[in-house]
Amino acid sequence: MGSVVYIPLLCALALAAGAPAIARSAPPRQGSAMLVAAAFGAALAADVALVILVGARLIDAAPLATVLGWPPEANGPHPVPLPVSLAAAAGLIVVAIVGQIDWRRSSAAARRVRALHGHADTGELVVLRSPTVLALTLPATRTSPGRILVSDGMLRALDAAERRVLLAHERSHLRHRHDRYRRLVGIAASLNPLLRPTVAAVDFLLERWADEDAADAVGSRHLTARALARAAVADGPRRERLWQPSFAAQKVSRRVNALLAPAPARGARLAMLLAAMTGVIAAATAVAAAHDLGHLFDLLRGDG
Amino acid sequence: MRVVMNDGPRREAGELESEVLAALWAAGRPLTPGEVREELGGLLAYTTVMTTLSRLHAKDVVDRRRSGRGFAYSPNVREAEVAARHFRSLLDRGHDRDEVLQGFVSGLSADEERVLRALLDNGAEVDE
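Top to bottom, those sequences are chains F and P.
This note's numbering puts the first residue of the first sequence at 1, with every later residue one more than the last.
This note's numbering puts the first residue of the second sequence at 1001, with every later residue one more than the last.
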C-alpha cells in the first residue's frame, strides 16, 4: 500500500496550518470559496484514508478470513502497522462523536433561525431596542428572505454614510449566502477536527468579502474602514477568549488596514493555488489508496 | 453583479425603507420628510422619501404625528422593544451566536481600541 494513504491526512494538516496565511493574503471572494472547497475535499479524503487504514487491518483479521474462506496469512509483513490502525480507529471514533454533537447543534441552530424569522417580517431591516451595538444577518430560509437585525444602539453610533456601509455589508452576507459557506466549512471541521483552523479563516475571509462589497456599494474604502472602526469602538473592548488564532485576535484592525490599503489584486494566486492543489491532491490520493486497498483485497483472496 | 451607485434613484424600494428607518432611529427625535431627506444627503427626491415613509407607516414600523402642515415621523419603539425580547439571546454579549449569523464587527481587543480611536480622531478622510 505504501505511504500514499497517509497523504490526505497530511494535506488536511497542511491546510489547517496554512489557513491563517490564506486568510491574510488571499482575495476574499476567491479565497473563501477555495478554502471551503479544499477543506471539504481534504476532510472527506482524510476520512476515507482513516477507513482504509482500519479496513486494511480488518480484512486480514483471522476470524473474518476464516468466515470468508481466505488463506489465513497474507504474504509478507502487514501493509498497515497495528499501532497505525488503532490510531486510525480512534480517529474515526472521534469523528463519529464530534460529528454527532455538531449535527445536533447545527440542527438546533437551524430551528432557531427559522423561529426567529417569525419575529422579523416587517422588511429587510429589523430594529431591536437595545443599547448594545449589534448588527447580525438572519439568513434566508425556504419560506423567508434574509433579514438584517440591528440594535438602535448601533444606528445611533453611526452617521448616515456609515449606516449605508453597515447595510451594504450585511446585504452582501445575505446576497452571497455566506451562511452556506460557513455551514459547509463547519461540516468539514466536524468530519475532520484537524481542519478546525480553517473555520476561523473562512469567517475572516467572508467578513473581508462583505467589506469589499460594501466599499464598492458606497464608493469609498476609506468610509468603509471608518464605519468599521466607529462600530468597533462603540462596541468597546471585550474579554478576550481563552484561545484565538493569532490573526483572529486582531481581526478588526486587519480589516480596517486592508480597506485603507488599495483593493486586493485579483492576482496573489499563490495561496489559493496551494489550497486548491491540496484539495485535489488529497482527493486523488484517497482514490489511489482505495485502489490499493482493492488490490490488497484481491491479493488476500489469492486472486493475485 | 451591478455595482450600486451612490445616488439615490438607483436604490431599490426595500433598501430605501431600511435607510429611512435607520435614519429615524439615529435621529432620536421625530423628523419631517424634508429633514429625513437632508439627513440622507439630500440626493433622494422628496416624493421618494414621502412614499417610503408612508410605506413604513403602513407597516406600523414608524409612528407619525401632525407637525405644521405635514407629519413628523418617529420609529415605533414599542415594536422594537418587543423584537428585542424575541431576540434577547442574540443581544447578550456573552452568548455564543449561531455560526451562520454573520455580523459587522466583534471582538475588539484593548490595544485595537486605542489604535482605532486614534484613526477616527485623526479623521480618516473620505477623499476617494
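A virtual CB, placed ideally from N, CA and C, is assigned to each residue, including glycine.
Given the structure is predicted, the values throughout are model-derived calculations rather than measurements.
Taken through DSSP and simplified to helix, strand or coil, P1075/P comes out as strand. In the DSSP assignment, S151/F falls within the unbroken beta strand (DSSP E) covering 147-151.
Neighbours of S1018/P across chain F, judged by C-beta separation under 8 Å: G123, E124, L125, I148, L167. Under the DSSP assignment, V126/F falls in the beta strand (DSSP E) whose first and last residues are 125-128.
With a 10 Å radius around the Cβ and a threshold of 16 neighbouring Cβ atoms, G1068/P comes out exposed. Contact note: E1113/P reaches chain F through A232, V233, G236, P237, using a C-beta cutoff of 8 Å and chain order. When DSSP states are grouped into helix, strand and coil, R1029/P belongs to the coil group. Per DSSP, the unbroken beta strand (DSSP E) holding D1063/P starts and ends at 1062-1067. Q1102/P counts as buried, since no fewer than 16 other beta carbons sit within 10 angstroms of its beta carbon.
In the DSSP assignment, A109/F falls within the alpha helix (DSSP H) that extends over 82-117.
Rounded to whole angstroms, the gap between the alpha carbons of A135/F and L13/F is 34 Å.
Setting aside the 5 residues that flank it on each side, A290/F is surrounded in the same chain by V48, I52, each with a C-beta closer than 7 Å to its C-beta; the list follows chain order. Annotation: L138/F is outside any alpha helix (DSSP H); the continuous beta strand (DSSP E) that includes it extends over 135-138. Secondary structure at G41/F: helix, using DSSP grouped into helix, strand and coil.
Sequence-distant partners of L155/F (beyond 5 residues in either direction) whose C-beta falls short of 8 Å from its own C-beta, in its chain, are V127, R163. P28/F is positioned such that its CB atom lies closer than 8 Å to that of L205/F.
When C-alpha distances from L1040/P are compared across A215/F, D159/F, H295/F, the shortest belongs to D159/F.
Relative to the Cα of W209/F, the nearest Cα in the group T224/F, L9/F, I187/F belongs to T224/F. For the region 126-137 of chain F, the set of residues with a beta-carbon nearer than 9 Å to any beta-carbon of chain P comprises V126, V127, L128, R129, S130, T132, V133, L134, A135, L136, T137, in chain order.
Distance from the CA atom of P1033/P to the CA atom of K1059/P, rounded to whole angstroms, is 17 Å. At least one CB of chain P lies nearer than 8 Å to the CB of L206/F.
Scanning R112/F, V165/F, R129/F, S130/F for the CA closest to the CA of P139/F turns up R112/F. Taking 8 Å as the threshold, the shortest C-beta distance from R1117/P to chain F falls below it. By the criterion of a C-beta distance shorter than 6 Å, S144/F is surrounded in its chain by H117, once the five residues flanking it on both sides are discounted.
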